[in-house]
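Peer 1: Residue numbers (the numbering used here): 1 to 110.
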Amino acid sequence: MLAVSTAISDGTVYFGTYGGTFYALETETGNIRWTSEKPIGTINCDPIVVDGTVMVGDLRGHLRAFDASTGEQLWTYRTGNAVHSTPVVTDDTIYFGSNDGYIYAIERTS
């Protein structure tokens with residue numbers, strides 16, 4: 001397992017791997033809190049944690065949101081190409097770029 005991106009929040013480190021699995025580990029013990037249920041595609045950008053939701057892009061062209069506590073995938077947004085950029089959140093809008101040449105602004109709540 002080789003981590004390619006990380007975020008730390010509330011005693012948990014979140015990271016993706018080249019194999020496409022997304023992990024949440026306890027920072028003090030290193031114990032696994034949860035992993036993505038299935039490989040989601042290589043992750044090549046840093047995740048971001050906002051209000052209990054962790055968001056990350058993958059090389060399959062998705063921005064994904066997980067419940068930071070349980071790992072349940074909350075939603076997926078598909079773009080036209082790989083997502084290499086770390087998302088940025090302001091108010092209720094998520095901004096991120098894709099290799100399809102677009103910068104996306106999507107509502108965080110939907």
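The beta-carbon is built from N, C-alpha and C at its ideal position, and this holds for glycine as well.
(1) Output the boundary residues of the beta strand (DSSP E) element that contains Y104.
(2) Within the continuous beta strand (DSSP E) that includes E72, where are the two ends?
(3) What is the DSSP secondary structure of G19, counted as helix, strand or coil?
(4) Taking the beta strand (DSSP E) that I94 belongs to, which residues open and close that run?
(5) Going by DSSP in three states, V56 sits in which element: helix, strand or coil?
Peer 2: Looking at the coordinates:
(1) 103-107
(2) No beta strand (DSSP E) holds E72; DSSP gives it neither H nor E.
(3) Residue state, collapsed to three classes: coil.
(4) 93-97
(5) strand
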